[in-house]
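To start, the structure under review is shown below, and the notes come after it.
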Amino acid sequence: MKKYTDINDITNISQTINEAIQLKKAPFEYKNLGTNKTLVMLFFNASLRTRLSTEKAARNLGMDVICLQINNSWNLEFEDGTIMNLDTSEHIKEAAKVIAQYADIIAVRAFPSLKNKDLDYAEVIINSFTKYANIPVVNLESATAHPLQALADAITINEFSTNKRPKVVLSWAPHPKALPQSVANSFVTMMQLLPVDFTITHPEGYELNSEVTKNTKVTYNQDEALKDADFVYVKNWSSYKDYGNILSQDENWMITQKKINNAKFMHCLPVRRNVVVEDAVLDSDNSIVINQANNRTYAAQIVLKQILEELNT
Amino acid sequence: MKKYTDINDITNISQTINEAIQLKKAPFEYKNLGTNKTLVMLFFNASLRTRLSTEKAARNLGMDVICLQINNSWNLEFEDGTIMNLDTSEHIKEAAKVIAQYADIIAVRAFPSLKNKDLDYAEVIINSFTKYANIPVVNLESATAHPLQALADAITINEFSTNKRPKVVLSWAPHPKALPQSVANSFVTMMQLLPVDFTITHPEGYELNSEVTKNTKVTYNQDEALKDADFVYVKNWSSYKDYGNILSQDENWMITQKKINNAKFMHCLPVRRNVVVEDAVLDSDNSIVINQANNRTYAAQIVLKQILEELNT
Amino acid sequence: MKKYTDINDITNISQTINEAIQLKKAPFEYKNLGTNKTLVMLFFNASLRTRLSTEKAARNLGMDVICLQINNSWNLEFEDGTIMNLDTSEHIKEAAKVIAQYADIIAVRAFPSLKNKDLDYAEVIINSFTKYANIPVVNLESATAHPLQALADAITINEFSTNKRPKVVLSWAPHPKALPQSVANSFVTMMQLLPVDFTITHPEGYELNSEVTKNTKVTYNQDEALKDADFVYVKNWSSYKDYGNILSQDENWMITQKKINNAKFMHCLPVRRNVVVEDAVLDSDNSIVINQANNRTYAAQIVLKQILEELNT
Numbered sequence: 053m054k055k056y057t058d059i060n061d062i063t064n065i066s067q068t069i070n071e072a073i074q075l076k077k078a079p080f081e082y083k084n085l086g087t088n089k090t091l092v093m094l095f096f097n098a099s100l101r102t103r104l105s106t107e108k109a110a111r112n113l114g115m116d117v118i119c120l121q122i123n124n125s126w127n128l129e130f131e132d133g134t135i136m137n138l139d140t141s142e143h144i145k146e147a148a149k150v151i152a153q154y155a156d157i158i159a160v161r162a163f164p165s166l167k168n169k170d171l172d173y174a175e176v177i178i179n180s181f182t183k184y185a186n187i188p189v190v191n192l193e194s195a196t197a198h199p200l201q202a203l204a205d206a207i208t209i210n211e212f213s214t215n216k217r218p219k220v221v222l223s224w225a226p227h228p229k230a231l232p233q234s235v236a237n238s239f240v241t242m243m244q245l246l247p248v249d250f251t252i253t254h255p256e257g258y259e260l261n262s263e264v265t266k267n268t269k270v271t272y273n274q275d276e277a278l279k280d281a282d283f284v285y286v287k288n289w290s291s292y293k294d295y296g297n298i299l300s301q302d303e304n305w306m307i308t309q310k311k312i313n314n315a316k317f318m319h320c321l322p323v324r325r326n327v328v329v330e331d332a333v334l335d336s337d338n339s340i341v342i343n344q345a346n347n348r349t350y351a352a353q354i355v356l357k358q359i360l361e362e363l364n365t
Numbered sequence: 053m054k055k056y057t058d059i060n061d062i063t064n065i066s067q068t069i070n071e072a073i074q075l076k077k078a079p080f081e082y083k084n085l086g087t088n089k090t091l092v093m094l095f096f097n098a099s100l101r102t103r104l105s106t107e108k109a110a111r112n113l114g115m116d117v118i119c120l121q122i123n124n125s126w127n128l129e130f131e132d133g134t135i136m137n138l139d140t141s142e143h144i145k146e147a148a149k150v151i152a153q154y155a156d157i158i159a160v161r162a163f164p165s166l167k168n169k170d171l172d173y174a175e176v177i178i179n180s181f182t183k184y185a186n187i188p189v190v191n192l193e194s195a196t197a198h199p200l201q202a203l204a205d206a207i208t209i210n211e212f213s214t215n216k217r218p219k220v221v222l223s224w225a226p227h228p229k230a231l232p233q234s235v236a237n238s239f240v241t242m243m244q245l246l247p248v249d250f251t252i253t254h255p256e257g258y259e260l261n262s263e264v265t266k267n268t269k270v271t272y273n274q275d276e277a278l279k280d281a282d283f284v285y286v287k288n289w290s291s292y293k294d295y296g297n298i299l300s301q302d303e304n305w306m307i308t309q310k311k312i313n314n315a316k317f318m319h320c321l322p323v324r325r326n327v328v329v330e331d332a333v334l335d336s337d338n339s340i341v342i343n344q345a346n347n348r349t350y351a352a353q354i355v356l357k358q359i360l361e362e363l364n365t
Numbered sequence: 053m054k055k056y057t058d059i060n061d062i063t064n065i066s067q068t069i070n071e072a073i074q075l076k077k078a079p080f081e082y083k084n085l086g087t088n089k090t091l092v093m094l095f096f097n098a099s100l101r102t103r104l105s106t107e108k109a110a111r112n113l114g115m116d117v118i119c120l121q122i123n124n125s126w127n128l129e130f131e132d133g134t135i136m137n138l139d140t141s142e143h144i145k146e147a148a149k150v151i152a153q154y155a156d157i158i159a160v161r162a163f164p165s166l167k168n169k170d171l172d173y174a175e176v177i178i179n180s181f182t183k184y185a186n187i188p189v190v191n192l193e194s195a196t197a198h199p200l201q202a203l204a205d206a207i208t209i210n211e212f213s214t215n216k217r218p219k220v221v222l223s224w225a226p227h228p229k230a231l232p233q234s235v236a237n238s239f240v241t242m243m244q245l246l247p248v249d250f251t252i253t254h255p256e257g258y259e260l261n262s263e264v265t266k267n268t269k270v271t272y273n274q275d276e277a278l279k280d281a282d283f284v285y286v287k288n289w290s291s292y293k294d295y296g297n298i299l300s301q302d303e304n305w306m307i308t309q310k311k312i313n314n315a316k317f318m319h320c321l322p323v324r325r326n327v328v329v330e331d332a333v334l335d336s337d338n339s340i341v342i343n344q345a346n347n348r349t350y351a352a353q354i355v356l357k358q359i360l361e362e363l364n365t
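Written out as structure tokens, the structure is:
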């Protein structure tokens, strides 16, 4: 693997999932692979799970890790040809090239503005690092994608599936704040690659980017979607069409025990209890959100392992 | 040791002190004990000594260390059954369980509000981590206790004592800001376990929680308390009774060279010079505050060592 | 080397440059030198290059590294004899002595106020650490000096020089913000030690401290200065005489391709494109700014190596 900014950077998804499950059984087996290799993690936005799991994954492989909070202290310029006499103090061209000399792999978290759809979907920050850094770049959640989360989700579904072709549902749920589409986008893309029966359900107006959903089944009828589901993945996102806006906070879309029945409940966390999902679901044995979070480590670790192996060839 | 949130988690205090003093002589002797073990430190409040000494201690034992500043970026919900549609974005139930999967030991710093006595003395944050994390938790100063500081203090008194039963005095001193009772509480609890003649002195109204002080001698007469003292531990705290308030800033309670005579001067630091204590004391040979701070490393290290040994059995 | 707060702490500059170039070829050769040694880095100001390169350098030598952001959370008192009943919560005397017990080497970044020339040029912060810490101190850019940058610059000039005695020019350039004189000061001091033909050029009023420039050639005529230059080092600084003020933002001082011809272009970064220098220069093969940044690692590493060797004797 040469980078991991996009799910399509994985060449063999089922093999990668299996290798991740092997790593989970023996996380320190490749501790020499990362000797004298440094992962620099750049956070333009705050992070808990991603920070901890990715740092743990890198250390499991013997890497050194340096984390930098970028927010506020450091305004980067991404436009070419600008006269930089205002707020930005450094161009991404220099920043990416410089950081690349102190790192073997760069990992970047940079959320969307949710104000300018074209700018967000152009993925300027992560793509600029890929363009200028000249070393492998890992996406720790960008404006429109969260591929490490989707890989952890795929690992979790694989572990809990008792079915050759499980029914997986992605359901929108209400939330008080406008959230990115990144987790939903990457989950959709990942499900399209797996042997699952996949349905998306959300209120009218919450259609995701059709270039992402392609011909995936979509219904506005949550009850119908959830029927006989094996896995229910719940996530809020703000509108794509009416970009970045909250169109509905309809409580009827909250996930309840009654709605999901015996399906496994999935969420990327953090989750707002009794807004997105009721306590009874999260506190039941059918909730596998903690397992998902645990698999973040092994998703990151298999990605870093494949990149390190590529670097060492 | 299964956790260290409270001084009573130490089963044998004098043996623990002696082992800490041994560690100080050969800090790297157990460097293999922490191999492939990760300490995650969560700071809800800023930290200098605690951060550096605990990280040093963990690395002396060969552990990996990840530090997270939690303040502002991450609002946790501690109430059960809440509808989380306001400021809090994640419930401690998920947060603690998730972090526990990336760590072998969690250490938490979380100061009191000083506004709600019941809430502070319920120790909601540290107790929630203990309840939900399912791995050992270390207290890096909580709402009402600072057990690592008290252990470092005990080590220091042991090192400097020339007396079988030294006289130890805890004296309140003035301070411009309202401070927690945590250091005083833990020092009192620790002194009750050691073979010392222990007295507390403070202005009227500054009585500590009687469940902490129990039958310890208390006097409002500082001169009387300080007479023939071997160790004078000085610390400001805000009122427990009139909770979190400053009742007095009486300069007469400042510690002077004349007052402490040949007693050793102790303070947990940071200390406000010429408010809490005059320069002449801090700059004299009788000040052992720097030694105390040094022993923070070995207090943390013996605690982490005992926890790691328990984990490895 | 006993410390590196000042370029004059290097005893043999040409040997040090050569050793740095050797380290660059085999950066992990001395990985055992730093075993069980800790570098504590204190940042009173934000840092990207210095943070990453110095941490990388320390890890290349096998050291542990702990970074602390000091800004805001922690107000130090530097005056002797103060009654500390206002904003400052800890005196440098205690802070430096305490940190020194958790570290083997302390590195400090602390920018100038640009308001009080005497205070800035007294270098109170870095000198106080040197005075009280009792362990080696490394300057990560202080009020008036940036000796690690100057060492990286010297390494870079050595690598790219095709001339026995190259012509090196330091040219002031415009900038929208008032910047310190530290980089310029240290570059001047370094050039005075190297076998180069060195000239400074800047608008009238931008004279650097004459104790730094000594008898170095200075001209207000940029064209004349740049003529036949082999290396053009460009940097903005605010006025020393009219301390900390911006006297000119004259665009004619911006460096253009036409002005520097075939000279190598140098800058410490971050650089404001099309304000300090035009795109055509930065994007040309004559720009060696990325190489300079890379050499920050080896400048830091040779300094840390020499200090560790001194500690081990």
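Protein chains in written order, with our numbering: chain Y, 53 to 365; chain B, 53 to 365; chain L, 53 to 365.
Just so it is clear, CB atoms sit at the ideal spot from N, CA and C, and this is done for glycine as well.
Given the structure is predicted, the values throughout are model-derived calculations rather than measurements.
Checking the sheet assignment: what are the DSSP bridge partners for B:Ile118?
The sequence position of residue 118 of chain B within the second sequence is 66, counting from 1. Under the DSSP definition of a beta bridge, B:Ile118 partners with B:Val92.
Closer than 9 Å, Cβ to any Cβ of chain B: which residues of the region 159 to 172 of chain Y, in chain order?
From the region 159 to 172 of chain Y, no residue has a Cβ closer than 9 Å to chain B.
Sequence ranges, alpha helix (DSSP H) only - wholly within the region 251 to 308 of chain Y, length at least 4:
Counting only runs that start and end inside the region 251 to 308 of chain Y, the alpha helix (DSSP H) elements of at least 4 residues fall at 262 to 265 and 274 to 278.
Does DSSP put Y:Val150 in a helix, in a strand, or in coil?
The residue you call residue 150 of chain Y lines up with position 98 of the first sequence. Residue state, collapsed to three classes: helix.
So what's L:Tyr173 in DSSP terms, helix, strand or just coil?
If you number the third sequence from 1, residue 173 of chain L lands on position 121. Looking at L:Tyr173 - three-state DSSP - the assignment turns out to be helix.
Anticipated Cβ contact below 8 Å, Y:Asn346 with B:Gln153, distance rounded
The count along the first sequence starts at 1 and reaches residue 346 of chain Y at position 294. The count along the second sequence starts at 1 and reaches residue 153 of chain B at position 101. That pair is a contact at about 4 Å.
Using beta-carbon positions only, say whether L:Val190 and L:Val355 come within less than 9 Å of one another.
Sequence index remark: in the third sequence, residue 190 of chain L carries index 138 (1-based). Sequence index remark: in the third sequence, residue 355 of chain L carries index 303 (1-based). Contact: yes.
Figure out for me which residue from Y:Pro188, Y:Phe163 and Y:Ile187 has the closest Cα to the Cα of Y:Val176.
Numbered from 1 along the first sequence, position 124 holds the residue referred to as residue 176 of chain Y. Comparing alpha carbon positions, the residue from Y:Pro188, Y:Phe163 and Y:Ile187 closest to Y:Val176 is Y:Phe163.
Under a CB-based cut-off of 9 Å, is B:Met93 close to chain Y?
In the second sequence, residue 93 of chain B corresponds to position 41, counting from 1. In terms of beta-carbon proximity, B:Met93 stays away from the interface with chain Y, with every pair separated by 9 Å or more.
For the alpha helix (DSSP H) containing L:Ile359, name the first residue and the last one.
As a working mapping, residue 359 of chain L is identified with position 307 in the third sequence. Unbroken alpha helix (DSSP H) run through L:Ile359: Val341 to Asn364.
Is the shortest distance between the beta-carbon of Y:Glu211 and the beta-carbons of chain B less than 9 Å?
The residue given as residue 211 of chain Y occupies position 159 in the first sequence. Chain B contact via Cβ: absent.
In chain order, what residues of the same chain lie with their CB nearer than 6 Å to the CB of L:Leu120, ignoring the 5 residues before and after it?
Position 68 of the third sequence, counted from the first residue, corresponds to residue 120 of chain L. Contacts found: Leu94.
Find the nearest neighbour of Y:His143 within the set L:Val286, L:Val328 and L:Asp337, judged by alpha-carbon distance.
Here residue 143 of chain Y refers to the residue found at position 91 when the first sequence is read from its first residue. That would be L:Val328, whose Cα lies nearest to the Cα of Y:His143.
Going along the chain, which residues of the region 309 to 340 of chain B sit with their C-beta nearer than 7 Å to a C-beta in chain Y?
Per Cβ criterion, the list is empty.
Helix, strand or coil, according to DSSP, for L:Asp337 in the structure here?
As a position in the third sequence, residue 337 of chain L is number 285, starting the count at 1. DSSP places L:Asp337 in coil when its eight states are reduced to three.
Do B:Leu231 and B:Trp305 have their CB atoms nearer than 9 Å?
Counted from its first residue, the second sequence places residue 231 of chain B at position 179. Counted from its first residue, the second sequence places residue 305 of chain B at position 253. Going by C-beta atoms, B:Leu231 is not nearer than 9 Å to B:Trp305.
Pull the bridge partners of Y:Ser223 from the DSSP assignment, please.
For the purposes of this step, residue 223 of chain Y is taken as residue 171 along the first sequence, with counting starting at 1. BP columns for Y:Ser223 point to Y:Thr253 and Y:Val286.
Nearest-angstrom Cα distance between B:Ile307 and B:Val240?
Here residue 307 of chain B refers to the residue found at position 255 of the second sequence. Here residue 240 of chain B refers to the residue found at position 188 of the second sequence. Using only the alpha carbons, I get a separation of about 19 Å.
Contact between the region 211 to 223 of chain B and the region 239 to 256 of chain B (3+ Cβ pairs under 8 Å):
Yes, the region 211 to 223 of chain B is in contact with the region 239 to 256 of chain B.
Contact residues within the region 227 to 249 of chain B, judged by C-beta distance below 9 Å to chain L
When CB distances to chain L are screened at a threshold of 9 Å, the residues of the region 227 to 249 of chain B falling below it are His227, Pro228 and Lys229, in chain order.
Extent of the continuous alpha helix (DSSP H) run through Y:Ala204
Here residue 204 of chain Y refers to the residue found at position 152 of the first sequence. Where Y:Ala204 is concerned, the enclosing alpha helix (DSSP H) stretches over Pro199 to Phe212.
Of the residues Y:Glu361, Y:Thr365 and Y:Gln344, the one placed nearest Y:Thr102, counting alpha carbons only:
Sequence index remark: in the first sequence, residue 102 of chain Y carries index 50 (1-based). Distances from the alpha-carbon of Y:Thr102 to those of Y:Glu361, Y:Thr365 and Y:Gln344 put Y:Gln344 closest.
Quick one: is L:Thr349 near chain Y, going by C-beta distance under 9 Å?
On the third sequence, position 297 is the one that residue 349 of chain L refers to. Judged by the 9 Å Cβ criterion, L:Thr349 is in contact with chain Y.
Count the other CB atoms within 10 Å of the CB of Y:Leu138; is the residue buried (16 or more) or exposed (fewer)?
As a working note, residue 138 of chain Y is residue 86 in the first sequence. Result: exposed.
Are at least three pairs of beta-carbons, each pair with one atom in the region 319 to 326 of chain L and one in the region 80 to 97 of chain L, less than 8 Å apart?
At 8 Å Cβ cutoff, the stretches do not touch.
Partner residues on chain Y for L:Lys76, Cβ-Cβ distance less than 8 Å
Mapped onto the third sequence, residue 76 of chain L falls at position 24. Those within 8 Å of L:Lys76 in chain Y number zero; the least Cβ separation is about 11 Å.
Considering only the alpha carbon of each residue, which of L:Asn168, L:Lys310, L:Ser194 and L:Met136 lies closest to L:Arg161?
On the third sequence, residue 161 of chain L is found 109 positions in, with the first residue counted as 1. Considering only L:Asn168, L:Lys310, L:Ser194 and L:Met136, the residue with the shortest C-alpha distance to L:Arg161 is L:Ser194.
Nonlocal neighbours in the same chain, by C-beta distance under 6 Å from Y:Asn261, ignoring five residues either side
Start at 1 with the first residue of the first sequence, and residue 261 of chain Y comes out as number 209. Here Y:Asn261 has Tyr292 as same chain residues with Cβ atoms under 6 Å from its own Cβ, once five neighbours each way along the sequence are excluded.
Closer than 8 Å: is that where the CB of L:Cys320 sits relative to any heavy atom of the ligand MN?
Absence of the ligand MN is noted for the structure shown, with no ligands found whatsoever.
Nearest-angstrom Cα distance between Y:Ser165 and Y:Asp172?
Sequence index remark: in the first sequence, residue 165 of chain Y carries index 113 (1-based). Sequence index remark: in the first sequence, residue 172 of chain Y carries index 120 (1-based). Taking the straight line joining both Cα atoms gives about 7 Å.
Got a sec, what are the start and stop residues for the beta strand (DSSP E) B:Phe239 sits in?
Start at 1 with the first residue of the second sequence, and residue 239 of chain B comes out as number 187. Boundaries for B:Phe239: no beta strand (DSSP E) harbours it, while the alpha helix (DSSP H) harbouring it runs Ser234 to Leu245, taken from the DSSP string.
Cα separation between B:Phe283 and B:Ser223?
The sequence position of residue 283 of chain B within the second sequence is 231, counting from 1. The sequence position of residue 223 of chain B within the second sequence is 171, counting from 1. Between B:Phe283 and B:Ser223, the C-alpha separation is close to 10 Å.
Please state whether DSSP places L:Asn60 in a helix, a strand or coil.
Within the third sequence, the letter at position 8 stands for residue 60 of chain L. Of the three classes helix, strand and coil, the one that applies to L:Asn60 here is helix, per DSSP.
I'd like the list of long-range same chain contacts for L:Ala204, defined as Cβ closer than 7 Å, with 5 residues on each side in sequence excluded.
Taking the third sequence and counting its residues from 1, one reaches residue 204 of chain L at position 152. Result list for L:Ala204: Gln344, Asn347, Arg348 and Ala351, in chain order.
Would Y:Tyr278 and Y:Lys311 be called neighbours here (beta carbons separated by less than 9 Å)?
Within the first sequence, residue 278 of chain Y is the residue found at index 226, counting from 1. Within the first sequence, residue 311 of chain Y is the residue found at index 259, counting from 1. The sequence shown places Leu at residue 278 of chain Y, rather than the Tyr named in the question. In contact: Y:Leu278 and Y:Lys311 (Cβ atoms closer than 9 Å).
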